[in-house]
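Trainee: Just add 36 to wherever you are in the sequence shown, counting from 1, and you've got the working numbering.
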Amino acid sequence: MDLLHSSDFFPSCSAPVVIEPREPQQAFPEHHHDFYEIVIVEQGAGVHVFNGNPYTLNSGCVCFVRDHDRHLFEQTDGLILTNILFRAPDAFRFVSGVEQFLPREDDGVYPAHWRISQQVLQQVKGLIGLLVDAPTGDRPEEIALHESVFMQLLVQLWQGCLA
Ligand code: RM4
Ligand code: NI
37 MDLLHSSDFF PSCSAPVVIE PREPQQAFPE HHHDFYEIVI VEQGAGVHVF
87 NGNPYTLNSG CVCFVRDHDR HLFEQTDGLI LTNILFRAPD AFRFVSGVEQ
137 FLPREDDGVY PAHWRISQQV LQQVKGLIGL LVDAPTGDRP EEIALHESVF
187 MQLLVQLWQG CLA
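Right, here's the structure in full:
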């Protein structure tokens, strides 16, 4: 199984969050990462096989993938999504408590898949637009602003989670 490396996706050591649009996301073989990933489905359909279990994807699905989770995409049909990559919940320089707004594993069950309404999806897309330009240098103010937008996005997803 492939391991995807953060060094291939994060432009610099200081970029806390990277946006990877997939327009479309084609079928993609099973892999894991040395980073975390939030997948936000905008349009289309597909099957997300997550740690061996299939989930049907459509607009408004959100999936939280941890570094050790295995996943793949198959039967994709016009699947448009955004991947939000971050190194780890405790790897931010300015924000803390990120873990609190992520799904929690309980008794071995990790609820990775959430749904959000179309209205929340539009709000979240606005924040994604602000995250597209990742800081390239080491200026603390830029990094702090970037991290704080990511935190806003997490809180919107958390508050907008329908199931
Ligand atoms: C792929 C796919 C994977 C993601 C990488 C960054 O197209 O979406 O899940 O880990 O991009
Ligand atoms: Ni992935």
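Glycine included, C-beta positions come from ideal geometry on N, C-alpha and C. On a predicted model such as this, the values are computed, not experimentally measured, just so you know.
I need the straight-line Cα distance from Trp150 to Gln79, nearest angstrom please.
Mentor: On the sequence shown, position 114 is the one that residue 150 refers to. On the sequence shown, position 43 is the one that residue 79 refers to. If I take the Cα positions, the gap works out to 15 Å.
Trainee: Reducing DSSP to helix, strand and coil, say where Gln61 ends up.
Mentor: As a working note, residue 61 is residue 25 in the sequence shown. Coil.
Trainee: With a cut-off of 8 Å, do at least 3 Cβ pairs link the region 37-45 to the region 157-168?
Mentor: No, the region 37-45 is not in contact with the region 157-168.
Trainee: I need the straight-line Cα distance from Leu121 to Gly133, nearest angstrom please.
Mentor: Indexing the sequence shown from 1 puts residue 121 at position 85. Indexing the sequence shown from 1 puts residue 133 at position 97. When rounded, the distance between both Cα atoms is 17 Å.
Trainee: Entirely within the region 136-181 and at least 3 residues each: give me those beta strand (DSSP E) ranges in chain order.
Mentor: With a minimum length of 3 residues, the continuous beta strand (DSSP E) runs that stay inside the region 136-181 are 149-151.
Trainee: Within 10 angstroms of its Cβ, does Cys49 collect 16 or more other Cβ (buried), or is it exposed?
Mentor: As a position in the sequence shown, residue 49 is number 13, starting the count at 1. That one is exposed.
Trainee: Taking 6 Å as the cut-off, is the CB of Glu183 close to at least one heavy atom of ligand 2?
Mentor: Locating residue 183 in the sequence shown gives position 147, counting from the first residue. For ligand 2, not one heavy atom lies less than 6 Å from the Cβ of Glu183.
Trainee: Would you decide whether Thr92 is buried or exposed? Buried here means 16 or more other CB atoms lie within 10 Å of its CB.
Mentor: As a first step, residue 92 is located in the sequence shown; it is residue number 56 there, counting from the start. Thr92 is exposed by the Cβ-count criterion.
Trainee: Please classify Thr112: is it buried, with 16 or more other beta-carbons within 10 angstroms of its beta-carbon, or exposed?
Mentor: Mapped onto the sequence shown, residue 112 falls at position 76. Buried, since its Cβ has 16 or more Cβ neighbours within 10 Å.
Trainee: Going by alpha carbons, who is nearest to Leu163 out of Phe137, Leu193 and Asp174?
Mentor: For the purposes of this step, residue 163 is identified with residue 127 of the sequence shown, where counting begins at 1. It is Leu193 whose Cα lies nearest to the Cα of Leu163.
Trainee: Please classify Val103: does DSSP put it in a helix, a strand, or coil?
Mentor: Within the sequence shown, residue 103 is the residue found at index 67, counting from 1. Rather than Val, the amino acid found at residue 103 in this sequence is Asp. Of the three classes helix, strand and coil, the one that applies to Asp103 here is coil, per DSSP.
Trainee: Where DSSP assigns a beta bridge to Leu121, which residues make up the other side?
Mentor: Here residue 121 refers to the residue found at position 85 of the sequence shown. Looking at the DSSP assignment, Leu121 forms a beta bridge with Val54 and Glu73.
Trainee: Does ligand 2 have even one heavy atom less than 6 Å from the beta-carbon of Glu73?
Mentor: Counting from 1 along the sequence shown, the entry for residue 73 is found at position 37. For ligand 2, at least one heavy atom lies less than 6 Å from the Cβ of Glu73.
Trainee: Any heavy atom of ligand 1 within a distance shorter than 6 Å of the CB on Asn119?
Mentor: To locate residue 119, count along the sequence shown from 1; it is residue 83. Yes, ligand 1 has a heavy atom inside 6 Å of this Cβ.
Trainee: Pull up the CB-CB distance for Asp103 and Ala127, whole angstroms please, since I reckon it's below 8 Å.
Mentor: In the sequence shown, counting from the first residue as 1, residue 103 sits at position 67. In the sequence shown, counting from the first residue as 1, residue 127 sits at position 91. Actually they are not in contact, since the Cβ atoms of Asp103 and Ala127 sit about 11 Å apart, beyond 8 Å.
Trainee: Could you give the DSSP three-state label for Leu198: helix, strand or coil?
Mentor: Residue 198 sits at position 162 when you count from the first residue of the sequence shown. Leu198 falls in the coil class under three-state DSSP.
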